[in-house]
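So for the sequence shown, the numbering used here puts the first residue at 21; every next one is plus one. Even for Gly, the Cβ is constructed at its ideal location relative to N, Cα and C. Being a predicted model, the structure only gives us computed values, none of them experimental.
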Amino acid sequence: ILNVFPFLNWLCSYRVTEWILGDIHAGINVGMVQIFQGLSGIVITGLPLPVINSFYSAFCCSLAYVIFGTSRHMSIGEYCSAWLFQSSRECTLLLCCIGLGFVTTYLSESLINAYLTAAALHVIISQFSFIFGIVIDFHSGPLAFFYNLVYYCMGLPKANSTSILLFLLSVLMLRVSKCIKITYKHSPVEFPMELLLVGTLRSLNKKYMATSEGTQNLSYFRFLHPTLPDFSNLKKILLHASSLAIVSYFLLIFVAKKYGNIHNYHIRHTQDLMAIGLCNVTSSFFKSFAVSCALSTTVIQEKTGGKTQLAALIGVSLMLAVVLKLGTYFQYLPNAVVAAIVLVNMFPFLEKFMDVPFLWRQDKYDFGIWIVTFLSVICLGLDIGLGISMGFAFFIISVRSHRYCLLWRVRTANEISSASSLALIRWSRIESRYPSEIHYIERETGQEYVKRKEDLNRLWFCSDPPVTRSTTHLHPLESETSTYMIHTIILDFSMVHFVDLQASYLLRELCHTFQNIGITLLIAACHPTVIRTFEKHDFFDQCVTKARFFPTLHDAVLYAVEPELLEETVPVEPSIILPEEVLAEVTLNEEKV
């Protein structure tokens with residue numbers, strides 16, 4: 021049940037006193053922004069659809085993703101570039117029929133960061149109509165970013181100075197609000213500057229009648245009865261629908277993995293593929309847009325203190341109330357204010373430009389992936405750019421794949437011989453040989469391999485993590501199969517000549533994870549060039565030191581089987597250890613060994 025309905029994981033472990041204020045604040049802000057994005061969506065696309073259809077997409081699809089999605093910070097809506105790709109509503113039915121879960125293995129951190137940075141620039145360009153108060157013929161396809169930028173520059177003489185001043189004032193106030201800190205019961209709460217702007221400028225702008233586009237038609241629409249989509253044009257839109265499906269799914273996974281890594285919880289790719297497919301199937305019955313991750317509102321939800329999908333529920337509920345009862349209230353809020361809220365929340369993605377020189381010094385292959393991804397997405401669009409970046413990333417790593425092998429299990433020190441490339445110690449030792457290079461595609465494969473071969477599930481069972489992936493509760497498994505205990509793992513790096521940046525991060529995380537449950541991870545026969553690569557990647561810390569590295573596999577085994585040396589533990593920095601409230605104490609019964 022928990023796998024099919026992931027919302028039960030965070031719902032059953034919800035911390036009311038710590039999270040409720042942040043979720044309410046984030047939900048209100050997201051709902052306010054979704055209102056105006058829905059109103060402006062029809063204007064941007066120029067499609068002959070009722071304004072209310074934008075709200076159907078956001079409302080119905082948000083509810084579906086809350087129930088079936090695994091990301092806790094995702095906001096579902098009509099992403100601006102998906103509007104431009106839209107040609108017919110029937111294409112949404114194909115999104116859940118294309119199995120793309122395996123492809124996400126090829127998503128490196130550099131590719132994700134570059135893609136989101138380029139996508140943020142596309143979002144910023146889409147807001148220029150509201151900032152300058154001008155309307156252009158929005159171009160789509162290759163080089164659309166530069167075409168639209170030139171069109172806006174040509175239209176600057178006709179720009180509305182009032183809209184520009186309101187935008188600059190709103191940006192200034194929003195940036196200042198980041199310095200205002202509010203705490204409630206020792207928990208930080210974001211200052212609600214967005215709400216203050218909406219309330220103040222709504223009342224002031226009513227005097228000047230600078231209405232939002234499309235709001236006059238809002239009160240004339242109510243909920244439409246769902247109808248079966250028209251499949252007559254299915255053959256004509258098949259290729260276009262496939263492109264839209266890929267872009268929508270990858271965009272959602274990019275953002276979900278980004279915030280999953282920040283807040284340390286796991287994203288299940290296949291489950292999210294089913295969730296976004298179900299969202300689009302639902303919206304197609306309401307003659308609505310194809311939907312994906314709404315990048316701007318997702319960033320707003322996370323930056324304003326949202327902790328769970330309760331914030332998304334609050335946001336869509338607010339939007340529903342506006343559609344039914346309060347539509348006339350927002351006729352007097354200038355779009356420049358909404359554009360300011362969106363742009364300010366795009367700044368964190370633009371800050372990724374500062375990481376490019378650092379990436380060049382650490383890993384030139386990842387630097388190349390970042391540059392190629394960014395330029396291809398900016399120049400050719402989200403769909404073609406994604407294909408080029410994926411192809412380039414696959415080219416980089418395809419010749420560097422490797423395989424794992426289990427060498428031997430050592431039960432006593434007497435079994436050690438110079439001819440055996442052993443590696444797991446005494447009762448419980450696995451040694452994994454890592455040939456060739458270790459890159460980001462293999463980082464999760466290698467981690468799961470080590471855990472699987474070590475038979476950790478025979479010693480403990482893991483409950484579904486209530487907060488984060490790393491905060492898994494470990495409990496002693498009282499069964500007859502638990503006859504030995506693992507205390508040391510040795511990795512044979514004699515055939516490893518390259519480790520990339522993401523693999524270094526994962527290996528360090530693996531060391532910390534095993535250290536927290538009382539297992540020592542050692543590395544044997546590591547090449548000096550690999551150690552220098554670790555140093556460039558800032559791999560070593562107070563927990564992961566060079567004392568874990570041994571010149572030969574035999575030296576590592578001798579170290580592990582020595583009782584007096586085994587009693588010495590590597591000092592662990594307190595900030596690295598997992599939180600006490602989420603990591604159950606593991607009781608190891610030495611008498612069973």
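Of the residues assessed, P354 falls on the buried side of the cut-off, its CB having 16 or more other CB atoms within 10 angstroms. For T549, the enclosing alpha helix (DSSP H) begins and ends at 548 to 556. For C80, the number of other beta carbons within 10 angstroms of its own is at least 16, and it is reported as buried. Taking T318 as the centre and dropping the five residues before and after it, the same chain places the C-beta of H93, M94, S95, V275, Y279 closer than 8 Å to its C-beta, in chain order. K372 and Y579 have their C-alpha atoms spaced approximately 43 Å apart. Per the coordinates, the alpha-carbon of A164 lies some 24 Å from the alpha-carbon of N180. Contact between the stretch 145 to 152 and the stretch 357 to 372 is established, with three or more Cβ pairs separated by less than 8 Å. A distance below 9 Å separates the beta carbons of I510 and L573. Taking C-beta atoms as the reference points, G335 and A46 count as a pair closer than 9 Å. For A544, the beta-bridge partners assigned by DSSP are D512, F570. Considering only Q329, S303, L189, the residue with the shortest C-alpha distance to L31 is Q329. Two segments are said to touch when three or more pairs of C-beta atoms, one from each, lie closer than 8 Å; by this definition the stretch 538 to 549 touches the stretch 559 to 574. Of all alpha-carbon atoms in I48, V36, V86, E38, the one lying nearest the alpha-carbon of P26 is that of V86.
When DSSP reads this structure, F394 sits in no beta bridge, so it has no partner.
The DSSP-derived three-state label of C563 is coil.
Between the C-alpha atoms of S197 and N49 there is a straight-line separation of about 14 Å. By alpha-carbon distance to L248, the top candidate from G297, S304, A341 is S304.
A straight line joining the alpha-carbon of Q562 with that of F394 spans about 35 Å. Membership of E529 in the alpha helix (DSSP H) is indicated by the continuous run 521 to 536. Taking a 10 Å sphere around the C-beta of N23, we find fewer than 16 other C-beta atoms and assign the residue as exposed. Residue pairing of G97 in beta bridges, as defined by DSSP: S312. Across the structure, I320 and H289 are spaced so that their CA atoms are roughly 23 Å apart. DSSP places F518 within a strand segment (E or B) once states are collapsed to three. Per DSSP, reduced to three states, the secondary structure at L163 is coil, with no helix or strand assignment. Your pair S183 and A356 checks out as a contact, with CB atoms roughly 4 Å apart and the cut at 8 Å. Taken through DSSP and simplified to helix, strand or coil, D383 comes out as coil.
Closest in alpha carbon position to S337, among G325, M52, L136, Y34, is M52.
By the Cβ-count criterion, R528 is buried, with 16 or more other Cβ atoms from all chains shown falling within 10 Å of its own Cβ. Counting the other Cβ atoms within 10 Å of the Cβ of V170 gives fewer than 16, which makes it exposed. Leaving aside the five residues that flank D575 on each side, the residues in its chain whose CB is nearer than 8 Å to its CB run, in chain order, A544. Collapsing the DSSP output to three states places Y85 in a helix. At a Cβ-Cβ threshold of 9 Å, V397 and F387 do not count as neighbours. Within a 10 Å sphere around the beta-carbon of S82 sit 16 or more other beta-carbons, which makes this residue buried. For the pair L400 and P162, the CB atoms are nearer than the 9 Å cut-off. A140 and W39 have their C-alpha atoms some 28 Å from each other.
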